[in-house]
Amino acid sequence: MASEKRRLRRGLPPGPRLPPALQLLAFWKRPAASLVRLRRRYGTRFTIQLPLQPPFVIISNPEEIKALFTASPEALHPGEGTRILERFLGRNSVILLDESAHLEQRRLLLPAFHGERMQRLTPLMTELAEAELRAWPREQPIELHPRLQRLTLEIILRAVFGLERGARLDRLRDLLTELLAFSESPLSVLPGLERYLSWLPVVRRFRTVIAEADAAVYALIDERRAARAGDRDDVLTMLLAARHEDGSPMSAPELRDELMTALLAGHETTASQLAWAFERLAREPAVAERLVREDDRYLTAAVHEILRLRPVLPNAEPRLTKRAVTIGGVTYPDGVALLASAFLVHHDPELYPEPYAFRPERFLAQPPGTYTWIPFGGGRRRCLGASFALQEMKIVLRGVLTRCSLSPAERTPEATARRSITFSPRFGARVVLHDRRPAATGSRDMVAIA
Ligand code: HEM
89 MASEKRRLRR GLPPGPRLPP ALQLLAFWKR PAASLVRLRR RYGTRFTIQL
139 PLQPPFVIIS NPEEIKALFT ASPEALHPGE GTRILERFLG RNSVILLDES
189 AHLEQRRLLL PAFHGERMQR LTPLMTELAE AELRAWPREQ PIELHPRLQR
239 LTLEIILRAV FGLERGARLD RLRDLLTELL AFSESPLSVL PGLERYLSWL
289 PVVRRFRTVI AEADAAVYAL IDERRAARAG DRDDVLTMLL AARHEDGSPM
339 SAPELRDELM TALLAGHETT ASQLAWAFER LAREPAVAER LVREDDRYLT
389 AAVHEILRLR PVLPNAEPRL TKRAVTIGGV TYPDGVALLA SAFLVHHDPE
439 LYPEPYAFRP ERFLAQPPGT YTWIPFGGGR RRCLGASFAL QEMKIVLRGV
489 LTRCSLSPAE RTPEATARRS ITFSPRFGAR VVLHDRRPAA TGSRDMVAIA
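Each residue of the sequence shown is one higher than the one before, starting from 89 at the first, in my numbering.
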């Protein structure tokens with residue numbers, strides 16, 4: 089064991105020598121500051137060691153990120169590095185697969201998440217955003233993050249699962265909310281331990297909830313398969329029409345696993361990203377005002393900028409080496425996890441002057457670079473829900489800002505806190521909303537931007 093560790097460490101980029109538990113603590117407590125400190129000390133590639141994990145090499149040079157994203161699927165396995173999610177997502181989830189199995193599943197999903205297809209979801213996303221915004225109190229400090237979580241969950245249940253208002257939506261909402269809360273508990277990152285703790289009430293409850301949620305999702309799939317598709321716009325409709333290369337439809341477990349994947353991959357990420365957008369915009373009134381006045385180009389640039397400044401997933405999925413791979417002149421042996429760091433590449437002053445300033449203008453003159461702007465990862469693993477998330481963010485931002493102005497409820501900007509896997513604003517994006525008078529615009533504006 090010790091010699092295996094030495095073999096792996098040999099020739100890897102330098103990094104801290106602290107015990108793995110202390111390295112984990114530093115990353116958990118001060119995630120963003122730890123990354124910046126290590127880059128200052130060791131440069132654009134360094135190695136960290138967390139308990140019970142392979143060495144993690146953090147990479148932030150765009151050329152090396154390109155090599156990482158375009159390496160052969162046989163050499164690097166992102167799916168294998170994410171297995172801990174299997175209890176939630178099931179074994180067919182696109183996130184957990186590698187090589188040809190991954191490609192096949194991804195090919196089935198791509199049309200359902202295509203940008204043009206997403207346009208059709210604009211009216212539904214707009215309606216749900218407007219309903220949520222109506223419930224937000226004005227003229228008092230509120231935390232936007234939990235409200236945005238409620239909204240992004242509703243949007244996934246309606247636009248991805250295709251649920252209509254009614255008892256089934258209510259029941260699944262309750263079950264999935266409980267499941268998502270469990271996915272944030274420390275137990276969920278220690279699946280090995282959970283096996284020995286099956287007597288714990290929380291573990292027993294988790295098993296009951298996942299069984300009940302599965303039963304409800306399978307019933308939905310059966311019902312939808314039996315019904316004629318009609319002209320529905322939800323993602324499940326597209327997945328029911330998808331065909332494997334041999335012409336067979338996706339099986340019920342495949343459909344269930346991909347729905348759960350969209351839920352887990354798309355709910356907290358989008359909620360945290362929107363929370364950061366409001367946390368920043370409350371402190372940038374000039375940008376917020378420009379967003380109300382200007383066209384879609386500026387709104388798109390502002391969304392790109394918030395994804396640069398506060399990427400909620402600090403890195404793309406860890407890619408586990410399956411054989412020796414050379415990147416940037418370093419040869420990595422098999423058994424090492426390579427991570428492209430969005431947080432560090434996005435804050436490189438050589439690429440982004442004054443990297444901590446919030447400046448949508450950066451992306452007005454030129455679009456984001458493939459290997460210098462990586463909030464959605466890249467290559468053949470790039471986020472399948474990127475168009476979905478961008479559209480949702482634009483609708484929610486413009487919808488809120490045309491109706492309300494914002495001021496911060498905290499004097500100092502919110503630091504970064506880790507919520508399971510995402511970087512989120514520490515106090516939940518605390519702001520005060522003020523109605524604009526007269527009511528600035530109608531719902532036409534919300535539809536017009538997407
Ligand atoms: C702001 C919101 C979001 C962010 C920042 C985000 C970010 C990411 C990142 C960094 C990855 C890993 C890519 C890589 O390793 O190269 C990923 C993968 C993925 N995301 Fe997202 N995501 C967001 C929203 C969504 C939504 C809304 C959905 C679906 C409705 C979604 C579905 C997926 C799926 C299915 C994958 C796995 C792709 C694969 O392995 O082939 N994401 N996302």
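Positions of the beta carbon are idealized from the N, C-alpha and C atoms, including for glycine.
- Between alanine 219 and arginine 256 the beta-carbon gap is near 19 angstroms, outside 8 angstroms, which marks them as no contact.
- Bounds of the beta strand (DSSP E) holding serine 512 are 510–513.
- Excluding sequence positions up to five before and after leucine 138, its CB lies within less than 7 angstroms of the CB of Pro108, Gln111, Leu112, Phe144, all in the same chain and listed in chain order.
- When Ser429, Ser148, Gly203, Val124 are compared, the shortest CA-CA separation from threonine 132 is found for Ser148.
- Beta-carbon to beta-carbon, leucine 369 and arginine 486 are separated by about 11 angstroms, too far to satisfy the 8 angstroms threshold.
- DSSP, read as helix, strand or coil, puts arginine 105 in coil.
- For the set Asp302, Ala269, Val248, Phe366, the Cα lying nearest the Cα of glutamate 231 is the one of Phe366.
- Three or more Cβ pairs closer than 8 angstroms define a contact, and the stretch 185–205 meets that threshold against the stretch 471–482.
- When DSSP states are grouped into helix, strand and coil, glutamate 346 belongs to the helix group.
- Here the alpha carbon of alanine 353 sits roughly 18 angstroms from the alpha carbon of aspartate 302.
- For a cut-off of 8 angstroms, the C-beta gap from leucine 164 to threonine 409 is around 6 angstroms, short enough to register as a contact.
- For the beta strand (DSSP E) assignment, the uninterrupted runs of no fewer than 3 residues enclosed by the stretch 354–423 are, from N- to C-terminal side, 407–409, 413–415, 418–420.
- With a cut-off of 8 angstroms on Cβ pairs, the stretch 443–452 is not in contact with the stretch 320–329, counting fewer than three such pairs.
- Between the ligand HEM and threonine 296, a heavy atom-to-CB distance of less than 7 angstroms is absent.
- Per DSSP, the continuous beta strand (DSSP E) segment holding alanine 505 begins and ends at 504–507.
- For arginine 470, the distance from the CB to the nearest heavy atom of the ligand HEM is below 7 angstroms.
- By the 16-neighbour rule on beta-carbons within 10 angstroms, aspartate 422 is exposed.
- Going by DSSP, proline 234 is part of the alpha helix (DSSP H) stretching over 232–247.
- Counting along the chain, valine 519 sits inside the beta strand (DSSP E) bounded by residues 518–523.
- Residue pairing from DSSP places threonine 135 in a beta bridge opposite Val145.
- Of the heavy atoms belonging to the ligand HEM, none sits nearer than 7 angstroms to the Cβ of valine 391.
- A check of alpha carbon separations from arginine 128 across Gln141, Pro142, Ile146 identifies Ile146 as the nearest.
- The beta carbon of glycine 178 lies closer than 7 angstroms to those of Pro341, Arg344, Asp345, Met348 in the same chain, with the five residues before and after it left out.
- With respect to arginine 514, serine 493 sits apart: the two C-beta atoms are not nearer than 8 angstroms.
- In the three-state reduction of the DSSP assignment, histidine 434 falls in the helix class.
- Our two residues, arginine 105 and threonine 135, have alpha carbons roughly 10 angstroms apart in a direct line.
- By a beta-carbon distance limit of 8 angstroms, threonine 158 does not contact glutamate 405. Their separation comes to about 15 angstroms.
- Of the heavy atoms belonging to the ligand HEM, none sits nearer than 7 angstroms to the Cβ of leucine 268.
- Cysteine 492 is bridged by DSSP to Asp523.
- For proline 229, the pairing in a beta bridge is given by DSSP as Val520.
- Below 8 angstroms, enough C-beta pairs join the stretch 448–459 and the stretch 373–386 to call them touching: three or more.
- Looking from the CA of glutamate 187, the closest CA among Thr296, Gly457, Arg235, Arg469 belongs to Arg469.
- Your pair arginine 312 and glycine 250 checks out as a contact, with CB atoms roughly 7 angstroms apart and the cut at 8 angstroms.
- A straight line joining the alpha-carbon of leucine 245 with that of valine 520 spans about 28 angstroms.
- Here arginine 396 is buried. Its C-beta has 16 or more other C-beta atoms within 10 Å.
- In this structure, the CA atom of tyrosine 440 is about 20 angstroms from the CA atom of glutamine 361.
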